[in-house]
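Using UniProt numbering, the first residue of the sequence shown is number 1, and each one after it goes up by one.
In this text, a Cβ means the ideal position worked out from N, Cα and C, and glycines have one as well.
Source: prediction; values computed, not measured.
What follows is one structure encoded as structure tokens, with my remarks underneath.
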Amino acid sequence: MLSRNLEKSLHLALELANKRRHEFATLEHLLMALTDDQDALAVFRACGVDLDKLRRDLANYLDNELSNIVTSRTDDAKPTSGFQRVVQRAVIHVQSSGRAEVTGANVLVALFSERESHAVYFLQEQDMSRFDAVNFISHGIAKVPGRSENRRTTGAEDEPAAGPTKEGKETKKGQEALEAYCIDLNKKAAVGKIDPLIGREAEVERTIQIVCRRTKNNPLYVGDPGVGKTAIAEGLAKRIVDGDVPDVLRTATIFGLDMGALLAGTRYRGDFEERLKQVLAELEAHPNAVLFIDEIHTIIGAGATSGGAMDASNLLKPALASGQLRCIGSTTYKEYRSYFEKDRALVRRFQKIDVAEPSVEDSIKILKGLKPYYEQHHKVRYTNEAIRTAVELAARYINDRKLPDKAIDVIDEVGAAQMLLPLSKRKKTITVKDVENIVAKIARIPPKAVSSDDREVLKTLERDLSTVVFGQEGAIKTLATAIKLARAGLRDAEKPIGNYLFSGPTGVGKTEVARQLARLLGIELKRFDMSEYMERHTISRLIGAPPGYVGFDQGGLLTDAIDQTPHCVLLLDEIEKAHPDLYNILLQVMDHGKLTDHNGKVVDFRNVILIMTTNAGAADMAKAAFGFERDRRVGEDKEAIEKLFTPEFRNRLDAIVPFGNLTPETMDRVVDKFIIQLEAQLAERHVALELTDAAKAWLAKKGYDPLYGARPLARVIQETVKKPLAEELLFGKLTHGGHVQVDVGGDGDLAFLVTSAPGLKATEPEAELVE
């Protein structure tokens, strides 16, 4: 617990008391002993204490002021309660900070808590305070110039950081700040931890030109995330190591500033500034040093106290302007506008270099240059066709990131996918098909190669839709043809899979077609009821509120839904009820397959099936037709649609799909559909339902209404079939299952023959319920 030096100091304090025949060992005896303790001596010197004067003052006090505690015993001095409190306090502080040993430096700090003692008075007389001691012990910051030490941050009253660190490496006192807070990119490149820089010749040449200036020799890379700003700086370090730079830079060393290490553990005001000043001083002393600060906007405000204006950027400004420090920075356009443009004094010290997103061809060259490194890591081989496909598909389908970053992610993930497979199933060569499958997973879109299961679904799509939606064969055929064109790769790549307007009376199956289409394709249906967007201000809910309005920090309902599920059926139900501003928003969606939200984020609609339904013109279609054999007026709502929707809106639709009124013949099939659904519900209660042909014809006749479609039939079934069955299920003979036969009774209404499940206790085996 106690260090060897401290044990010697405590024994020395008792010996000093015994030597003077003092009955007690006081704090002054302890302080006199600490003047010979190695750990305490370092603190005394850092705080500027005159040790000779301190020893004289203490000796004078001990010899002349403590006559009242002189005794005849010379070997039994006992420590005073103050002496014991100081040692105990030092032990508690060290234990709470996780240290293993108590040193003389810790006891010296604990001594200051006994303010009424002469020991503290003598220290204060030499202008030494507790804060001075703690500042040196914790951070190596000395009161006397030239005696500061660089050390790992410790507890407030821990011993100086010497010996093994947490990582197990030996750190010496006076370790250079560059090693502690910077990363030597040249060393990193020399051991092969940096990939080579491919291309970017113009940016590298401009960087070298700026670095060689006399003043303001500080390049600033500005570009979107993922375009390769950091790679330019790291690649420049690799070129320096390889000797592939002009002579003026052959001896340069690039240091990457680690802001995390610089800020970590700075507990007291001035700690951060002290560290940064040490780094800058060592950089200025290094004639060939170049400082690289990635995400340089983080230095603005770093280390500033509340209300203080002195942050890291202001500490850098003098060195940046004079040319004593060469600094390379990188930031994005967004942060450049938010931080740098507001600090004109900082901007003028940097020379801006725009780093644009490379073209597809340049990205292919970059990936071909990096290919050997990924082949070695993943133990596979990439074909040139796979590399080209990765870049082209990433550029087309991954819209939230930039080249070459997103293309590198694709080939990296393709290789990682192979490493997860058993050895017997791993491929030695990555092909185009492997890349296509990975891009489909990343972008959450269907793979380009249609699987056998998907092919079977597409083959029978029209037939399957016709089995659940009746009487709309023309509309279903138009829709199925468009889906097949898209999956065959013959559609316009910049547009959604299809833009359709379903028109027709209510209740004829417009919404149901969209639901069944999503179910058959195995994709999600995103439905928006346009009656919620009748006012102008409600449209902002779809793409997000503009800045300054409530909800600005929340995304738009439509943009978020498609961003999370890019491959889906988007149903805008009853679009004629929405405000006309919505039609203008949909123009770019239907034409270019993109929509920009309030934050400037572009959402991709190219894998969306856009379906809009409308009842516009339904009233005209309901009017009696002129002439013979014209009981259906399909498409006669065209005039109302042209009046409601602008020409540019209608011109972007792939098709206006008219839905006609349901015919009496169609109603028979609709009855079968509703009854099948009811049978499935009753099967869960172990009830079998049987309807005669007469009962089905009765329901079709009662439920037929050309104005309202199939919805009146659903109401008739609920009133005449479901309600009587509900009574029997809850209170009658069907509580434990059974059989129900429905027929038309003699009075022209439905009659129910209910049979309980066999083996159940019942008063009557059969009963007849007539409505």
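Legend entry - Sequence-distant residues of its chain with Cβ nearer than 7 angstroms to Lys-510 (five each side left out): Phe-502, Gly-504, Thr-613 and Phe-659
Inset, instruction - Determine the DSSP secondary structure at Val-290, reduced to helix, strand or coil. - result: strand
Inset, instruction - Grab me the residues of Phe-628's own chain with a C-beta within less than 7 angstroms of its C-beta, minus the 5 sequence neighbours each way, in chain order. - result: Confidence is the limiting factor: at Phe-628 the pLDDT is only 46, short of 50, which leaves the residue's position unreliable and the question unanswerable from this model.
Legend entry - Assigned secondary structure, Asn-584 (DSSP; H/G/I helix, E/B strand, else coil): helix
Legend entry - Endpoints, alpha helix (DSSP H) assigned at Tyr-373: 360-378
Legend entry - Enclosing beta strand (DSSP E) for residue 778 [first to last residue]: The shown model of the chain, from 1 to 771, leaves out residue 778, and the question about it has no answer.
Legend entry - Residue environment, Cys-568, which counts as buried when at least 16 other CB atoms sit within 10 Å: buried
Legend entry - Residue nearest to Pro-566 in terms of C-alpha spacing, selected from Gly-593, Tyr-583, Leu-572 and Val-391: For Pro-566, the nearest C-alpha among the options comes from Gly-593.
Legend entry - CA-to-CA distance, Ile-293 to Leu-257, given in whole angstroms: 5 angstroms
Inset, instruction - Could you tell me if Gln-516 is buried or exposed, where buried requires 16 or more neighbouring beta carbons within 10 angstroms of its beta carbon? - result: buried
Legend entry - Cβ contact check for the region 86-95 and the region 37-47: 3 or more pairs under 8 angstroms: No, the region 86-95 is not in contact with the region 37-47.
Legend entry - Reference Ser-322; option with closest CA among Val-87, Glu-284 and Ser-117: Glu-284
Legend entry - Closest Cα partner of Val-744 within the set Gly-738, Phe-752 and Arg-20: Phe-752
Legend entry - Beta-carbon proximity of His-11 to Ile-69, cut-off 8 angstroms: Cβ distance not < 8 angstroms, so His-11 and Ile-69 don't count as in contact.
Inset, instruction - Check whether the Cβ atoms of Val-107 and Leu-6 lie closer than 8 angstroms to each other. - result: Contact flag set, yes.
Legend entry - Limits of the unbroken alpha helix (DSSP H) element including Ile-408: 405-419
Inset, instruction - Would you check if the distance between the CB atom of Ala-486 and the CB atom of Gly-474 is smaller than 8 angstroms? - result: Cβ distance not < 8 angstroms, so Ala-486 and Gly-474 don't count as in contact.
Inset, instruction - Please state if the CB of Asn-218 and the CB of Phe-350 are separated by a distance shorter than 8 angstroms. - result: yes
Inset, instruction - If I'm right that Leu-557 touches Leu-570 with Cβ under 8 angstroms, what's the distance once you round it to whole angstroms? - result: 12 angstroms between Cβ atoms; not a contact.
Legend entry - Buried versus exposed, by CB contacts within 10 Å (16 or more), Asp-747: exposed
Legend entry - Proximity below 8 angstroms, CB of Arg-326 to CB of Leu-280: No; because the gap between Cβ atoms is not below 8 angstroms, this pair is not in contact.
Legend entry - Own chain partners of Val-634 with C-beta closer than 6 angstroms, once the 5 adjacent residues on each side are dropped: Reliability fails at Val-634, whose pLDDT of 48 lies under 50, so the model's placement of it is uncertain and the value that follows must be treated cautiously. Excluding residues up to 5 positions away in sequence, Pro-658 and Gly-660 lie with their Cβ nearer than 6 angstroms to the Cβ of Val-634 in the same chain.
Inset, instruction - Starting from the N-terminal side, write out each stretch of the alpha helix (DSSP H) that is 4 residues or longer and does not extend beyond the UniProt domain "Clp R" (1-144). - result: 4-19, 27-34, 38-46, 51-64, 81-96, 104-111, 118-125 and 130-139
Legend entry - Spatial distance of residue 820 from Leu-521 (CA atoms): Beyond the ends of the chain as shown, which are 1 and 771, falls residue 820; an answer cannot be given.
Legend entry - C-alpha gap between Lys-368 and Pro-358, whole angstroms: Between Lys-368 and Pro-358, the C-alpha separation is close to 14 angstroms.
Legend entry - Close beta carbons around Met-259, own chain, < 6 angstroms, minus the five adjacent residues each side: Thr-298
Inset, instruction - Going by CA-CA distance only, name the one from Glu-462, Thr-506 and Phe-340 that's closest to Arg-348. - result: Phe-340
Legend entry - Per DSSP, the bridge partner or partners of His-739: Ala-688 and Thr-755
Inset, instruction - Pick out whichever of Val-740, Cys-47 and Thr-80 has its Cα sitting closest to the Cα of Gln-126. - result: Cys-47
Legend entry - Met-530: first and last residue of the uninterrupted beta strand (DSSP E) it sits in: From DSSP, Met-530 is part of no beta strand (DSSP E); its letter is neither H nor E.
Inset, instruction - Determine which residues share a DSSP beta bridge with Thr-429 and list them. - result: DSSP, once it has assigned bridges, lists Arg-381 as partnering Thr-429.
Inset, instruction - Could you name each continuous beta strand (DSSP E) segment of 3 residues or more that falls completely within the region 228-274, going from the start of the chain to the end? - result: 253-257
Legend entry - Closest Cα partner of Lys-696 within the set Arg-669, Tyr-397 and Asn-599: Arg-669
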